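Undergrad: Read in order, the letters of the sequence shown correspond to residues 1 to 522 in UniProt numbering.
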Amino acid sequence: MSLSRRAVLAFGIAGLAGAATASSARFPAPRWAGTDPFRLGVASGDPLPDGVVLWTRLAPDPLAPDGLGGMPRRPVTVDYEVAADEGFRQVVTRGSAVATRELGHSVHPEVHGLEPDRWYFYRFRAGSAISPTGRTRTAPAAGTATARMRLAVASCQSWASGYYTAYEHMSREDVDLVLHLGDYIYERAWNHRREGTPPYAFERGESVDLRGYRLRYAQVKAEQPLQAAHAAFPWLVTMDDHEVDNNWAGDNPGLGFDISALPPLFQRRRAGAFQAMYEHQPLRLAQLPSGPDMRLHRRYRFGDLAEVTMLDTRQYRSAIPCSHNPVTGCSERFATDRSILGAAQRDWLIDGLTGSPARWQLLGNQVAMGEVDTDPGPDVRVSTDAWDGYVADRNAVLGAAATRQAGNLVVLTGDKHENCAGNLRSDFARPDAPVVGAEFTGTSISTNGDGADLTEHGRRLLAANPDLKFFNAQRGYLRLTVEKSLCRTDFRVVPYVTRPGAPIDTRASYIVEDGTPGTTEA
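1) Nearest to Pro-517 by alpha carbon, out of Ala-438, Leu-468, Leu-478?
2) DSSP puts Glu-243 in a beta bridge; with which residues?
3) Say whether the segment 421-439 touches the segment 139-151, bearing in mind that this needs 3 or more beta-carbon pairs closer than 8 Å, one atom from each stretch.
4) Locate the beta strand (DSSP E) running through Gly-134, then write down its first and last residues.
5) Identify whether Ala-29 lies in helix, strand or coil by the three-state DSSP scheme.
6) Going by DSSP in three states, Asp-393 sits in which element: helix, strand or coil?
7) Quick one: which unbroken alpha helix (DSSP H) runs of 4-plus residues sit fully inside the segment 147-195? Chain order, please.
8) How about Ala-145: is its C-beta nearer than 8 Å to some C-beta of chain C?
9) Measure the beta-carbon distance from Gly-67 to Leu-215 and round it to whole angstroms, keeping in mind my assumption that it falls under 8 Å.
10) Which value, in whole angstroms, describes the spacing of the CA atoms of Ala-228 and His-169?
11) Look at the alpha carbon of Glu-483 and the alpha carbon of Asp-176, and state the distance between them as a whole number of angstroms.
12) Which same chain residues end up closer than 6 Å to Gly-451 when comparing Cβ atoms and leaving out the 5 residues on each side of it in sequence?
13) Given that a residue counts as buried once 16 or more other Cβ atoms are within 10 Å of its Cβ, and exposed if not, what is Glu-223?
14) Starting from Val-220, trace the alpha helix (DSSP H) in both directions and tell me its first and last residue.
15) Within 10 Å of its beta-carbon, does Thr-384 have 16 or more other beta-carbons around it, so buried, or fewer, so exposed?
16) Enumerate in chain order the residues of its own chain whose CB-to-CB distance from Pro-326 is below 7 Å, with the five nearest sequence positions on each side excluded.
17) Excluding the 5 residues flanking Gly-458 on each side, which residues of the same chain have their C-beta closer than 8 Å to its C-beta?
18) Under three-state DSSP, which class holds Ile-130?
19) Consult DSSP for Thr-506 and reduce its assignment to one of helix, strand or coil.
20) Fully enclosed by the segment 436-487, which beta strand (DSSP E) runs are 3 residues long or longer?
21) In three-state terms, what does DSSP make of Leu-265?
22) Given the structure, does Arg-404 come close to the ligand GTP, in the sense that its CB is under 7 Å from one of the ligand's heavy atoms?
23) Glu-173 to Ala-152, Cα distance in whole Å?
24) From Ala-231 to Thr-520, what does the alpha carbon distance come to, in whole angstroms?
25) Using C-beta distances below 6 Å, list every residue in its chain close to Thr-455, excluding the 5 sequence neighbours before and after it, in chain order.
26) Over what stretch of residues does the alpha helix (DSSP H) that includes Ala-232 continue unbroken?
27) Let me check understanding here. Comparing Cα to Cα, which of Ala-286, Leu-296, Met-369, Asp-514 lies closest to Leu-424?
28) Taking 8 Å as the cut-off, decide whether the C-beta atoms of Ser-131 and Glu-279 are in contact.
29) Compute the Euclidean distance between the alpha carbons of Trp-248 and Ile-320, then round it to the nearest angstrom.
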């Protein structure tokens with residue numbers, strides 16, 4: 001059963017968010033898994049000018065079948081410290097947080113009082129056990145002149161589809177922040193074992209409850225390349241569909257049709273999925289779920305240079321119109337009462353885009369915003385699971401960006417397991433509508449296996465979509481360099497993921513120039 005906000009509050013906000021003073025923790029070594037409780041690594045995220053949120057979860061046996069990570073029932077005090085140097089000779093703050101069974105023995109201390117725009121190091125202690133060291137960075141103060149920031153963007157990391165080699169390379173990049181756009185886990189069964197995976201971790205069923213989702217996260221977070229990328233940089237995370245159920249939409253499970261008896265059952269499933277997500281990500285107390293509700297849309301500003309807005313295109317959307325698969329026709333997708341964001345989030349997004357003083361507007365978005373026609377002929381054949389199924393919302397957001405003269409708009413998208421670069425128009429039904437921004441779609445870390453450079457599907461997309469400038473279907477991530485004069489996106493790809501050890505290469509680079517909407521090849 002998922003944990004209600006009231007139950008969490010009963011344990012004390014100070015214990016969850018991080019107490020002001022340090023205390024010593026006692027951690028009895030479990031008989032079955034040794035003494036190291038930090039097998040899922042450490043992470044940080046949601047950077048502010050004066051602090052970040054830190055994360056770890058105590059789990060000496062991460063894949064224990066009950067989903068509890070091999071921890072005892074009682075709470076455990078976890079100490080943390082933050083230093084200006086990797087050797088922790090210049091500790092700037094320390095404190096403690098309480099890890100409870102009710103939140104999977106995870107902790108999310110929110111650290112304040114740090115200096116803006118600088119790197120820090122952090123670590124945790126439980127009894128005599130010390131965690132790996134993590135590195136994090138605070139944001140530049142709002143309005144401060146900021147010359148450059150660099151980001152990596154990832155999505156879609158099916159554990160069963162391949163190795164996380166891309167994260168090995170990402171962890172060595174010179175970036176300030178990582179955006180993860182969803183499908184961090186997959187709810188479906190794992191269809192193969194990797195060497196060293198215990199037999200009881202090989203489950204054939206879908207995750208539908210808190211225990212199942214905890215095991216999916218534990219399986220993913222046990223991977224060393226992912227741990228390295230989390231430890232190297234702060235992250236901003238959101239979700240797409242597979243954190244809960246394939247192609248889910250609002251209160252509707254991803255079945256493609258409505259059954260009146262399902263919504264209560266699906267809400268229970270959603271609550272378990274949301275809690276497991278919170279337990280395994282560097283999220284602030286503001287993102288603590290309340291049953292089947294969790295606020296994941298939020299924005300962060302980086303000096304005077306950029307504002308990063310993370311969207312939630314799943315939780316508030318109307319039911320997917322017509323079909324989950326690409327369709328022609330489908331007048332429902334133009335209905336003004338259908339929304340992919342929900343009215344409140346849509347208004348919040350538009351007000352933020354058009355009212356921000358930042359030079360660059362970066363949107364962390366889950367599904368393709370631009371039109372994606374899969375028919376090179378006269379028909380328009382689109383997937384209604386993406387923004388193509390919610391045209392009124394797309395026109396409202398992109399139309400407002402045009403008429404209100406929002407800052408340079410760059411939309412960063414996941415979901416498709418493909419690399420794409422393209423232009424965004426205020427209304428795709430009008431070929432003469434103005435270009436108002438650029439969209440860069442990042443491929444998967446591992447989902448769909450090795451992939452290929454230019455597939456037949458990619459050729460059809462390029463032929464059918466004049467605003468699409470680039471296509472590639474290998475695995476990897478995006479690397480962005482944002483400066484005052486331009487935003488450069490590098491498509492970083494690996495040639496294979498079905499075996500470890502792949503090299504990395506930059507397949508292509510595209511730029512957006514300050515004051516000129518749209519993208520061109522670098």
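Using N, Cα and C, we set each Cβ at its ideal position, and we do this for glycine too.
The structure displayed is predicted, hence computed values, not measured ones.
TA: The relevant details are as follows:
1) Your numbering for residue 517 matches position 517 in the sequence shown. Closest by alpha carbon: Ala-438.
2) Looking up residue 243 in the sequence shown gives position 243. Beta-bridge pairing links Glu-243 to no other residue.
3) Because the criterion of three Cβ pairs below 8 Å is not met, the segment 421-439 and the segment 139-151 do not touch.
4) Taking the first residue of the sequence shown as position 1, residue 134 is located at position 134. Taken as a continuous stretch (DSSP letters only), the beta strand (DSSP E) holding Gly-134 covers 134-137.
5) Along the sequence shown, read from residue 1 onward, the residue named residue 29 stands at position 29. Note that Ala-29 scores a pLDDT of 32, beneath 50, so its modelled location is shaky and nothing firm can be said.
6) One-based indexing of the sequence shown puts residue 393 at position 393. Residue state, collapsed to three classes: helix.
7) 165-170
8) Annotation note: the requested chain C is absent from the structure, which comprises a single protein chain.
9) Sequence index remark: in the sequence shown, residue 67 carries index 67 (1-based). Sequence index remark: in the sequence shown, residue 215 carries index 215 (1-based). That belief holds up - the Cβ atoms of Gly-67 and Leu-215 are roughly 5 Å apart, short of 8 Å.
10) In the sequence shown, counting from the first residue as 1, residue 228 sits at position 228. In the sequence shown, counting from the first residue as 1, residue 169 sits at position 169. Ala-228 and His-169: Cα-Cα distance of roughly 10 Å.
11) Walking along the sequence shown from the start, residue 483 turns up at place 483. Walking along the sequence shown from the start, residue 176 turns up at place 176. Rounded to the nearest angstrom, the two C-alpha atoms are 13 Å apart.
12) Counting from 1 along the sequence shown, the entry for residue 451 is found at position 451. Answer for Gly-451: Ala-473, Gln-474, Arg-475, listed in chain order.
13) The residue labelled residue 223 in the question sits at position 223 within the sequence shown. Glu-223 should be labelled buried.
14) The residue labelled residue 220 in the question sits at position 220 within the sequence shown. Per DSSP, the unbroken alpha helix (DSSP H) holding Val-220 starts and ends at 210-221.
15) Here residue 384 is taken as the residue at index 384 of the sequence shown, counted from 1. Buried: at least 16 other Cβ atoms inside 10 Å.
16) To locate residue 326, count along the sequence shown from 1; it is residue 326. Hits under 7 Å: Thr-374, Arg-381, Val-382, Ser-383.
17) The residue given as residue 458 occupies position 458 in the sequence shown. Taking C-beta separations shorter than 8 Å and ignoring five residues to either side along the sequence, the partners of Gly-458 in its chain run Glu-418, Phe-471, Asn-472, Ala-473, following chain order.
18) Residue 130 sits at position 130 when you count from the first residue of the sequence shown. Here DSSP, grouped into helix, strand and coil, assigns Ile-130 to strand.
19) For the purposes of this step, residue 506 is taken as the residue at position 506 of the sequence shown. The answer is strand: DSSP assigns Thr-506 an E or B state.
20) 468-483
21) Here residue 265 refers to the residue found at position 265 of the sequence shown. Helix.
22) The ligand GTP is not part of this structure, which contains no ligands at all.
23) Here residue 173 is taken as the residue at index 173 of the sequence shown, counted from 1. Here residue 152 is taken as the residue at index 152 of the sequence shown, counted from 1. Going by the C-alpha atoms only, they are around 8 Å apart.
24) Indexing the sequence shown from 1 puts residue 231 at position 231. Indexing the sequence shown from 1 puts residue 520 at position 520. Going by the C-alpha atoms only, they are around 34 Å apart.
25) By 1-based counting over the sequence shown, the position of residue 455 is 455. Excluding residues within five positions, the ones whose Cβ falls inside 6 Å are Ala-473.
26) Locating residue 232 in the sequence shown gives position 232, where the first residue counts as 1. That run of the alpha helix (DSSP H) goes 224-232.
27) Within the sequence shown, the letter at position 424 stands for residue 424. The option with the nearest alpha carbon to Leu-424 is Met-369.
28) Taking the first residue of the sequence shown as position 1, residue 131 is located at position 131. Taking the first residue of the sequence shown as position 1, residue 279 is located at position 279. Not in contact: Ser-131 and Glu-279 (Cβ atoms no closer than 8 Å).
29) Sequence index remark: in the sequence shown, residue 248 carries index 248 (1-based). Sequence index remark: in the sequence shown, residue 320 carries index 320 (1-based). Near 8 Å, if we compare the C-alpha coordinates of Ile-320 and Trp-248.
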